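Going left to right, the sequence shown walks through residues 2 to 204 as my numbering numbers them.
A virtual CB, placed ideally from N, CA and C, is assigned to each residue, including glycine.
The model shown is predicted, which means the values in this text are computed figures rather than measured ones.
Here's the structure, in structure tokens; my notes come after.
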Amino acid sequence: MSEWIDITQPLTGSLAHWPGDIPFTYKETYSHADTGSVAIGQIQLSLHSGTHADAPYHAEKEGQRMGDVPIEPFIGPAQVVDLSAYPTISKEALQQCGPIKARRVLLKTKIPNDANRFPDSIAAIDEAAVDYLFEQEVKLIGVDVPSVDPLDSKSMLAHKRLNLRNMYILENLMLDTLKRGAIFYQHYRLQLHTVMVVRSEPF
């Protein structure tokens with residue numbers, strides 16, 4: 002029997018964020034007593050808080066904004082690939098994990114999913130791995146870490162290679178609860194036309 006599993010990071014006050022970036026906060030701006038009917042709240046967060054998709058514009062000025070990105074790559078059959086035994090996401094590691102059978106791949110790395118701790122280092126994806134997945138007709142790559150590039154990268158080679166191949170990126174997925182194999186994935190976006198990333202909404 003199939004079931005829905007939320008693989009987004011919960012938005013809480015303890016949610017880890019990029020060093021120097023804006024932390025997530027929520028406050029109730031008006032209570033039921035204030036309005037006489039409803040409670041109203043507001044949130045503040047970086048667009049890289051929690052689970053998110055990167056628009057191509059994030060890494061390149063000429064790239065698409067999220068409002069121009071098609072929704073189709075974010076909905077449909079996906080494959081979970083367990084790369085937890087490998088230090089990086091390389092072509093060789095992917096090949097050793099078996100054939101790629103879906104257009105969307107979610108890459109589980111060696112980093113335990115902890116939404117409240119920003120990692121010191123991650124298993125990044127290299128350009129050869131991007132090219133290999135492109136050859137397998139992959140349209141979407143999801144990772145369980147804050148970036149597809151090394152955390153200290155300025156060149157953003159993986160982001161740019163994915164842009165070149167018209168492949169889209171999801172970051173900070175919670176994949177520990179998923180087993181290796183096939184799933185059906187849905188990623189809902191906010192229709193923001195002037196920003197570089199979009200929030201992931203819970204299923």
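May I have the straight-line CA-CA distance separating residue i from residue j, to the nearest angstrom?
i	j	result
residue 66	residue 164	12 Å
residue 152	residue 172	12 Å
residue 98	residue 174	20 Å
residue 59	residue 111	25 Å
residue 143	residue 92	16 Å
residue 159	residue 124	12 Å
residue 77	residue 30	38 Å
residue 139	residue 103	7 Å
residue 90	residue 150	10 Å
residue 133	residue 178	26 Å
residue 11	residue 146	15 Å
residue 5	residue 45	28 Å
residue 204	residue 176	With a pLDDT of 31 at residue 204, under the threshold of 50, the modelled position of this residue cannot be trusted; read the value that follows with caution. Their Cα atoms are separated by approximately 15 Å.
residue 86	residue 68	36 Å
Which class does residue i belong to by DSSP, given the choice of helix, strand or coil?
i	result
residue 107	strand
residue 78	strand
residue 28	strand
residue 222	Residue 222 is absent from the structure shown; the chain starts at 2 and stops at 204.
residue 93	helix
residue 171	strand
residue 35	helix
residue 165	helix
residue 141	strand
Once you ignore the five residues that flank residue i on each side, which residues in its own chain have a CB closer than 6 Å to its CB?
i	result
residue 57	64, 65, 164
residue 137	101
residue 82	98, 106, 108
Give me, in chain order, the residues of the same chain whose beta-carbon lies closer than 8 Å to that of residue i; leave out the 5 immediate sequence neighbours on both sides.
i	result
residue 115	17
Does the region 114 to 128 come into contact with the region 21 to 39, if we say contact requires no fewer than three beta-carbon pairs (one atom in each stretch) closer than 8 Å? no
Ranges of the beta strand (DSSP E) found wholly within the region 43 to 73, counting only runs of at least 3: 53 to 55
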